[in-house]
């Protein structure tokens, strides 16, 4: 497509008036079906791009409704079962690596997510995973497999591979945060650790993010996490 | 995306005539089809179209796309949904980190 084509189409679209009810619904359906029929990776890219701008256009009320959809829709986000012992060990592993942080922001995101995934199994496996990430990422600059399906792990190897892919997705979510919060990745990691302190039972990255959203809404949960002595008196070094 | 030559935007008159001769729905299908491998321009085109929808249909469109997004990428959408709230969130997190650092000295 040439620039003249793009200009032409932009002009054409700009000249479309507000749509009447019947047409308006049809246009919405066309947009949905055209995106839905795209190949997987292209669909994801398009959804990310389109949703980010549509969210900006949406009213607060609509945005709240959308967050409710995110919470209610199937499949549910991948959950990680945690026991207190694993949580404690995973936190120590994470802190150990944060003491000497890698400069690569994506790697820090991966460390955090690997640790969260690692605690699903046990802390030792989580640590192996982190080491493997470091070794792998030092050799390979780009590790992304968005088209691969994550199967239910059976063997350790497939378990690890599946975890790697899940962690990769989690790392992307974390990187959204470091980028948008304009924080140092290690600061974000420390905040996640502080939050992990207070989470028992089941945890996953969306849980953590939702927990953080609570901070904005001033929820009691986040206030307890951040402001109580339990957190402020922790020794993180 | 605009390219100007001597202050004038370059237009493909033939394409414009073709689009104008189609029913609107058909023209929109054609446009999205043409842009389908270019997410960034497509984002702007869809945003322009969405701005012309009724409020109910805008919500319907957004709801369907969010549902699709969560189905295909369950980990990726939540951060996007809350981006508007980030400055306050950042302030609170940084305060929390500062407190943790001070207390752990």
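Protein chains in written order, with our numbering: chain A, 52 to 288; chain B, 9 to 113.
Don't be surprised by glycine CBs; every beta carbon is placed ideally from N, CA and C.
Note that the coordinates shown come from a computational prediction; the quantities given were computed from them, not determined experimentally.
Cα-Cα separation between residue i and residue j, rounded to whole angstroms
| i | j | result |
| --- | --- | --- |
| residue 58(A) | residue 34(B) | 19 Å |
| residue 75(B) | residue 120(A) | 7 Å |
| residue 39(B) | residue 112(A) | 30 Å |
| residue 27(B) | residue 81(A) | 16 Å |
| residue 66(A) | residue 55(B) | 14 Å |
| residue 47(B) | residue 83(A) | 14 Å |
| residue 22(B) | residue 72(A) | 30 Å |
| residue 24(B) | residue 68(A) | 16 Å |
| residue 71(B) | residue 32(B) | 23 Å |
| residue 52(A) | residue 76(A) | 28 Å |
| residue 89(A) | residue 41(B) | 10 Å |
| residue 20(B) | residue 64(A) | 14 Å |
| residue 123(A) | residue 117(A) | 10 Å |
| residue 290(A) | residue 18(B) | Limits of chain A in this structure are 52 at one end and 288 at the other, which puts residue 290(A) out of reach. |
| residue 36(B) | residue 56(A) | 14 Å |
| residue 64(B) | residue 110(A) | 12 Å |
| residue 61(A) | residue 104(A) | 17 Å |
Residue i, enclosing alpha helix (DSSP H) - first and last residue
| i | result |
| --- | --- |
| residue 110(A) | It is not in any alpha helix (DSSP H) - residue 110(A) carries neither H nor E in the DSSP assignment. |
| residue 86(A) | 72-87 |
| residue 19(B) | Run containing residue 19(B): none; DSSP gives neither H nor E here. |
| residue 52(A) | Per DSSP, residue 52(A) belongs to no alpha helix (DSSP H) and is neither H nor E. |
| residue 63(B) | 63-80 |
Close Cβ partners of residue i (< 7 Å) along its chain, the five nearest in sequence each way excluded
| i | result |
| --- | --- |
| residue 69(B) | 58 and 61 |
| residue 114(A) | 106 |
Beta-carbon proximity list for residue i, same chain, < 8 Å, skipping 5 on both sides
| i | result |
| --- | --- |
| residue 44(B) | 50 |
| residue 78(A) | 70 |
| residue 30(B) | 38 |
| residue 98(A) | 86 |
| residue 53(B) | 39, 40 and 43 |
Which runs of the alpha helix (DSSP H), 4 residues or longer, sit entirely within the segment 22-60 of chain B?
32-43 and 47-58
Mind checking the segment 64-79 of chain B against chain A and listing, in chain order, the residues whose C-beta falls within less than 9 Å of any C-beta there?
So the list reads 64, 65, 66, 67, 68, 69, 70, 71, 72, 73, 74, 75, 76, 77, 78 and 79, given in the order they occur along the chain.
Under 7 Å (Cβ pairs) to chain A, residues found in the segment 18-32 of chain B
18, 19, 20, 23, 24, 27 and 32
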